[in-house]
Amino acid sequence: MMQVYTFDNTLDGLLTAVFDSFFLKQPDVTLLTEGEQLPLFADEPHRVVTDGEKAGRVWKGLENYLSQDGLRMITLSWLSEEHALNQPLFNFVCKVFRLKVKNLERNAADSDVLEVRNTCRRVLHEQLRMKQFIRFQKAKDGTYLAVVSPDHNVLPIITNHFQDRFNDQPWLIYDARRHYGYYYDGKTVIHVTFEDEAALPFDLSNGKMNADILSDNDQLFQNLWRTYFKAICIKERMNPKKQLSDMPRRYRKYMTEVSAAD
Amino acid sequence: MLTEKTMERLRILAESAKYDVSCSSSGTVRKGKQGMVGNTVGGVGICHSFADDGRCISLLKVMLTNYCMYDCAYCINRRSNDIPRATLSVSELEEITMEFYRRNYIEGLFLSSGVVRNPDYTMERLTAIVRDLRTVHHFNGYIHLKAIPGSSRELMAEAGRWADRMSVNIETPRESSLKLLAPEKDHQSVFQPMKLIQQGVLENKEDRKKFRHAPRFVPAGQSTQMIVGATKETDQDILTMSSSLYGQPTMRRVYYSGYVSVNTYDPRLPVLKQPPLVRENRLYQADWLMRFYHFKVDEIVDDRHANLDLDVDPKLSWALRHPEFFPVDINQAAYEHILRVPGIGVKSAMLIVNSRRFGRVTSYHLKKMGVVMKKAQYFITCGELTSNFSQPIVGINELRPERLRPLLISKAQQKRAAAEQQLTLDFQDDNPT
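Chains as they are written, first to last, in this note's numbering: chain A, 1 to 262; chain B, 1001 to 1433.
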């Protein structure tokens, strides 16, 4: 008998749902987020109450069966914020405890594992793209600013890279889609949100900093970079198709060399 | 102070540097350091942008100067060419590098130079810039430095302390062609600096066993480049050379550069309508087979097949020549054998060997894992394709290679290859300039 569970769309909630499914001995569960349309002919749904302790126990159990990579696969795929991930991830975690085999994350022949795996791969791909395509502008006070709007919530996994690389310059990377950012003050990285986004000294639609706070020669370096970008191309080898697949359009609006010039 | 003139110089020197294909920023992991800017990430490196020709931009690829005393036929910067010449000042170059890096435009610097006065003079100037970047500007990012053939051992040893990777271009696999096109160079002048770099790296390795904190020497190894299509060499010549280069302990990458007709007036060079891009692509595929697919060079090309097949990729081409190797049983065969199946890459081969411990892997699973079944189906057996079932097996041995081959070539591929094989001369009158 299929049972419908609803949860609060957090990873802890999903793990609690796994706990409940074993506790209530209901192996066949359709997992929905709260407020989602219920399927016809379903029993009264079971509302999962997120419980850190239960989730913790499930996670501890996972640690016994999965490798570090396997655990990372779960947390990384969760950053995708993809709705379609919920059911396969839930099934995958349940299967780990039901089959009791080690390293189930390696079984790509299982459709749930493969789905989680592929989602994780997409997240990792996008975090790489952020490392590639983030473009900083320098403000008068010496802060470097970049605006992004990634498909997946990848900011938390790229701050380490930028902290390591630019450890002597303060920077702010702001996610315009999720309305938060990370600010590095030269010592630590801080999670920041702004109450009034309209008052920010940069345009969230194209990432451009207001002229009055842009440092004096930043425009010059932007132009140098655009010049270089054009000069390095070999005309005889034009290949717009490859360029488009390596640098998809959705990332371009924040990129100095390919965004519409002002 | 940078001005509009700087912009012009950067444009000229980037245009002069762009025919050098190496771009990777891989090969060494170095964490950030307090008081320094930058790190290197290793792995596949980071490409920061992609130019309109689809090539990645990872490093700021630029020449210090494009004045050159040599007259190599294939080179845009040869001294007899009438092109705009420029030289970046040391401070300009350093400032551009640092400011680009801080804005996350680049992974680092790829610096080369035309040879002015003499090799030592040029190498010394390059070395001074790299030293400055590391010690004055505290730059900890990636630096790829061109080694100038003919420069002294001392200078190379100094440069190697500051650079992550160094390279000398072989240009042509046969010395006779090099001498024809670049009378002032020979293979000795290329292999000499290569050997110096290698010695430096190996000595440094010994040193680091004794002193853990001894500074590293060219930690990302060296690379080199060969021009494709400017001379008569076959793919066999080229790949045999690559293979022996990869046999050296410090050689990390060999690049192939499809010749772009830059000096159309030189009678020693063919006039190509377009660079041989398909051939270049096939060479890279062959290179990948040698580096990641456990292929030996003589399996890819031999005396009977001295040139790669332009219609099909070298792995498929090998498979069509070796029907006796197939079918490969996906559920039983060793990883190295699965790697040989056309349509299965390194990633899917890994997925297969990991997954089959949990149960039988079927063609449905393979498709889901990303295997190109359109190709692979003729070369494998898995669960449902065995003779236990009523369905007849249609594989390479049943169809025979000559009948299978046309099924695996796409029209577009054929067209591209055919266009490239017509290397007709482009006469002046139908090419108004």
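Think of the CB as a built atom: it goes at the ideal place given N, C-alpha and C, for glycine as much as any other residue. Note that the structure is a prediction, hence the values are computed from the model and not measured.
Which listed residue (the options) has its alpha carbon closest to that of residue i
i       : options                               : result
A:H46   : A:M2, A:E82 and A:R57                 : A:M2
B:A1073 : B:L1277, B:P1249, B:T1264 and B:A1306 : B:T1264
B:L1320 : B:A1333, B:I1338 and B:P1342          : B:P1342
A:T50   : A:P39, A:N9 and A:D28                 : A:N9
B:T1097 : B:P1084, B:R1085 and B:L1111          : B:L1111
B:A1418 : B:H1365, B:N1066 and B:Q1274          : B:Q1274
A:Q26   : A:N167, A:E257, A:A17 and A:T33       : A:A17
B:V1353 : B:D1082, B:C1382, B:L1109 and B:F1050 : B:C1382
A:E63   : A:L104, A:M238 and A:E34              : A:L104
A:R72   : A:C120, A:V148, A:L128 and A:D218     : A:C120
A:A231  : B:E1004, B:I1012, B:T1003 and B:C1075 : B:I1012
B:I1300 : B:D1235, B:Y1256 and B:E1324          : B:D1235
B:V1090 : B:F1211, B:S1058, B:V1218 and B:D1132 : B:D1132
Collapsed DSSP secondary structure at residue i in the structure displayed
i       : result
A:F162  : helix
A:T227  : helix
A:C120  : helix
B:G1258 : strand
B:R1165 : strand
B:I1096 : helix
B:L1289 : helix
B:S1390 : Unreliable placement is indicated for B:S1390, whose pLDDT of 47 sits below 50; the coordinate value is still reported in the next sentence. Three-state DSSP puts B:S1390 in coil, outside helix and strand.
A:D175  : strand
B:T1135 : helix
A:D139  : According to the sequence as given, residue 139 of chain A is Ala; it is not Asp. Here A:A139 sits in strand by DSSP.
A:T13   : In the sequence under discussion, the amino acid at residue 13 of chain A is Gly, which differs from the Thr named in the question. Of the three classes helix, strand and coil, the one that applies to A:G13 here is helix, per DSSP.
B:T1006 : helix
A:S263  : Residue 263 of chain A lies beyond the range of chain A shown here (1 to 262); nothing can be said about it.
B:K1033 : coil
B:R1103 : coil
A:V18   : helix
A:R237  : helix
B:Y1067 : coil
B:F1295 : coil
A:A146  : strand
CB contact check: residue i to chain B, cutoff 7 Å
i      : result
A:A211 : no
A:T227 : yes
A:N319 : Since the displayed chain A opens at 1 and closes at 262, residue 319 of chain A lies outside it and no answer follows.
A:R250 : no
A:I74  : no
A:E53  : no
A:L89  : no
A:R237 : yes
A:F41  : no
Chain A within 7 Å of residue i, Cβ atoms only
i       : result
B:H1365 : yes
B:C1047 : yes
B:L1088 : no
B:G1114 : no
B:G1440 : Any property of residue 1440 of chain B remains undetermined from this structure, which presents chain B solely from 1001 to 1433.
B:A1419 : no
B:M1069 : no
B:N1388 : With a pLDDT of only 47 at B:N1388, under the threshold of 50, the placement of this residue in the model should not be trusted; the figure read from the coordinates follows. No, no contact with chain A.
B:E1451 : Nothing can be reported for residue 1451 of chain B: it is not among the residues displayed for chain B, which extend from 1001 to 1433.
B:M1007 : yes
B:H1144 : no
B:T1433 : At B:T1433 the pLDDT is 36, less than 50, meaning the model places this residue with poor confidence and gives no usable figure here.
Expected contact under 8 Å - CB spacing of residue i and residue j to nearest Å
i       : j       : result
B:I1046 : A:K131  : 5 Å
B:I1148 : B:P1119 : 5 Å
A:Y180  : A:Q163  : In fact, because the Cβ distance is near 17 Å, the residues do not count as touching under 8 Å.
B:I1380 : B:I1330 : 5 Å
A:L89   : A:V116  : 5 Å
A:D28   : B:V1037 : A:D28 to B:V1037, Cβ: 56 Å. No contact.
B:P1249 : B:L1202 : 7 Å
B:V1361 : B:S1355 : 6 Å
B:L1272 : B:Y1259 : 6 Å
A:C94   : A:S21   : 6 Å
A:M247  : B:F1100 : Actually they do not touch by this definition, with Cβ atoms about 18 Å apart.
B:T1127 : B:A1159 : 4 Å
Residue i: CB within 6 Å of a non-hydrogen atom of the ligand GTP
i       : result
B:I1057 : Because no ligand of any kind appears in the structure shown, any question about the ligand GTP cannot be addressed here.
Considering only residues of the segment 1327 to 1385 of chain B, which uninterrupted alpha helix (DSSP H) runs meet the minimum length of 4 residues and lie entirely inside it, listed in chain order? 1335 to 1338, 1346 to 1355, 1363 to 1369 and 1373 to 1376, all fully within the segment 1327 to 1385 of chain B.
Along the chain, which unbroken stretches of the beta strand (DSSP E) at least 3 residues long are found entirely within the segment 1149 to 1214 of chain B? 1165 to 1167
Sequence ranges, alpha helix (DSSP H) only - wholly within the segment 39 to 77 of chain A, length at least 4: 52 to 65
Ranges of the alpha helix (DSSP H) found wholly within the segment 79 to 126 of chain A, counting only runs of at least 4: Segments of the alpha helix (DSSP H) lying fully in the segment 79 to 126 of chain A: 86 to 99.
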